[in-house]
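Reviewing the structure listed below.
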Amino acid sequence: MLVASHTPNMTGVLLSGEPDDFRALYESLHKLVGNVDPDIEDGSILRILGFCYDVRHTFMGHRNATFAEHGFDEEHLAFLSLVGPKQNLYLSFETFWPEILYIVFSLETCIKDYQKSSKATNWDPHITQARILQSAITKLVAETVTSRQFASFQKWITENSVNRIIYMQYIDYLNSKWNDLDIEKRQKNFNIFAKRTCQLTSDYDRQKRLVIEAAIEHRCLPSEIHYPSEFYNHVEW
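In terms of this note's numbering, the numbers along the sequence shown are unbroken and rise by one, the last being 246.
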């Protein structure tokens, strides 16, 4: 089962699970994304695929790993006529809070598009895997904010403008701003940042304008303009 927890400094989420949990999530997210318009060059699809990259490298053993007790002592194992280790292998990786929130919100659109194109029901296994991820993040959000703030968060999951946030430099901008905050300010401003990942704001309009101006100046596509990413190399999780 996938479990989400805060990183020590609340910089992001530590997503943990067994190898098969990440493998199933990876396959399902690719299935959901594969049914979205293939001509999309910007937006949530590329961000979800970037998340899939980390998921894949996690179950390949390229991220974090630890052992944890599975809860069966020698007496239980003997009753089942089993001989084996008392611990299971758990894998994990970190991702920024604004990043994972944007992905959780974006998955709603992917699921709806997948259901339309595949005539899939709510019990479809690929939808279930996406819901497991959303549920793990939502549970952690509920433990982080007030009940009133959480009510707003739940509303944003199904009522958001995430499909109109097509300039992905904005998510890098939010990650950067979040990275600049100390833990106290992260706790205080959590819901503000959550709203910014799924709603059109003046912040988004400003970043969009800067990207377009840069694209005109350099005579390139807006998608070819990159937000300064040096901070990704110096993260204190």
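For each residue, glycine too, the CB sits at the ideal point set by N, CA and C. Please read all numbers here as calculations on a predicted model, not as lab measurements.
For the beta strand (DSSP E) containing Glu27, name the first residue and the last one.
Per DSSP, Glu27 belongs to no beta strand (DSSP E) and is neither H nor E.
If distances are taken between C-alpha atoms only, which option among Asn198, Gln178, Ile174, Lys125 comes closest to Thr155?
Nearest option by C-alpha distance: Asn198.
N- and C-terminal bounds of the beta strand (DSSP E) containing Tyr99:
96-105 is the span of the beta strand (DSSP E), which, as asked, contains Tyr99.
In the segment 37-87, which residue ranges form an unbroken beta strand (DSSP E) of at least 3 residues, counting only runs that do not cross its ends?
Restricted to the segment 37-87, the beta strand (DSSP E) segments that are unbroken, complete and at least 3 residues in length are 73-78, listed in chain order.
Taking the alpha-carbon positions, what's the Ala77 to Val64 distance?
When rounded, the distance between both Cα atoms is 20 Å.
Thinking C-alpha only, which one of Gln216, Lys121, Leu100, Pro231 is nearest Phe31?
Answer by Cα proximity: Leu100.
What residue ranges within the segment 150-217 form continuous alpha helix (DSSP H) runs of no fewer than 4 residues, ordered along the chain?
Fully enclosed alpha helix (DSSP H) runs of no fewer than 4 residues occupy 156-167, 178-189, 192-197, 199-205 of the segment 150-217, in order along the chain.
So does the segment 207-220 actually touch the segment 174-182, counting three or more Cβ pairs closer than 8 Å?
Cβ pair count under 8 Å is three or more, so yes.
Use the C-beta contact count for Asp29: other C-beta atoms within 10 angstroms, 16 or more gives buried, fewer gives exposed.
Around the beta carbon of Asp29, a 10 Å sphere encloses fewer than 16 other beta carbons of the protein chains shown; the residue is thus reported as exposed.
Residue from Thr104, Met69, Cys61 whose Cα sits closest to the Cα of Val244
That would be Thr104, whose Cα lies nearest to the Cα of Val244.
Which listed residue (Pro231, Gly80, Trp106) has its alpha carbon closest to that of Arg195
Residue Trp106 is the option with its Cα nearest to Arg195.
Check this for me: beta carbons of Ala203 and Leu110, under 7 Å apart or not?
Contact: yes.
Counted within 10 angstroms of its Cβ, other Cβ atoms place Thr130 as buried (16 or more) or exposed
That one is exposed.
Taking three-plus beta-carbon pairs below 8 Å as touching, is the segment 133-144 in contact with the segment 108-122?
Three or more beta-carbon pairs drawn from the segment 133-144 and the segment 108-122 are found closer than 8 Å, and the two stretches are therefore classed as touching.
Nearest CA to the CA of Pro231: which residue from Val220, Leu98, Thr20?
For the residues Val220, Leu98, Thr20, the minimum Cα distance to Pro231 belongs to Val220.
Tell whether a beta-carbon distance below 7 Å holds between Gly59 and Ile175.
Going by C-beta atoms, Gly59 is not nearer than 7 Å to Ile175.
Could you tell me the alpha carbon to alpha carbon distance between Ala224 and Tyr241, rounded to whole angstroms?
Near 23 Å, if we compare the C-alpha coordinates of Tyr241 and Ala224.
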